[in-house]
Each structure stands twice: as structure tokens, then as C-alpha cells.
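Here our numbering is used: the first residue of the sequence shown is 124, the next is one more, and so on. Just so it is clear, CB atoms sit at the ideal spot from N, CA and C, and this is done for glycine as well.
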Amino acid sequence: MSDPIDLGFGVRVELHRLHGALRSITYWHPCVTGSDRASWVPLRPHNPHGWDVLTETPLTLSPALVCRACGLRGVVRNGAWQPSTEIKKT
Ligand SMILES: [Zn+2]
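Shown next, in the form of C-alpha cells:
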């Protein structure tokens, strides 16, 4: 466990490690529900269906993250949230 990292745009992320290896993340964002919605995201290679970690420090993930509740889309790049209007599977 780590302290949440502020990515900007009200988005924060917490990294979950096991034996030093990054396994998953949880990110929070202001949602239409009015609450701070938490989403869990599995990561490769531990989870083959997860997101790719391009760099850990600063954090860069692929592809974009999407909230099904409010339609929020964005990519985590160089430790910052970048709002995105398209979903790219790279
Ligand atoms: Zn949302």
C-alpha cells in the first residue's frame, strides 16, 4: 500500500504492490453520484486482462481508464491525469 498520488483533475491513485511488484491500482474521481468513486484496475503482467504499466515512476498506464457511471475517460501519463475523448488500445 502507498499514499494516494494526486494526478490532477480530482483524480487520485493508490498503488497496490505485493513483494515489490505492482499488481493493481485503485483510483478515485469526482463522479456524477456526487461521491468520490473508487475503481480498481488490475495490471499486467500479473493480470493478463489488465492494463499495461508503461512506466511506474512517474506512472503511465495504457489504455485509457473509463468510468461507466459518468463517462469519464482519461489516460494516466507521466504521473498526471489527461482527459481523453477516445479509447485507444495500444
Ligand atoms: Zn464516474
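> Where DSSP assigns a beta bridge to R249, which residues make up the other side?
Replying inline: Outside the shown range of the chain (124 to 213) lies residue 249, about which nothing can therefore be said.
> Is it right to say H142 is buried, meaning 16 or more other beta carbons lie within 10 angstroms of its own, or is it exposed?
Replying inline: With fewer than 16 Cβ atoms within 10 Å of its Cβ, H142 is classed as exposed.
>> Within 10 Å of its beta-carbon, does W163 have 16 or more other beta-carbons around it, so buried, or fewer, so exposed?
In response: Its Cβ having fewer than 16 others within 10 Å, W163 is exposed.
> If you draw a straight line from the alpha carbon of T208 to that of A144, how long is it in whole angstroms?
Replying inline: Per the coordinates, the alpha-carbon of T208 lies some 31 angstroms from the alpha-carbon of A144.
> Where L195 and P206 are concerned, what is the direct C-alpha to C-alpha distance, given to the nearest angstrom?
Replying inline: Taking the straight line from one Cα to the other gives about 8 angstroms.
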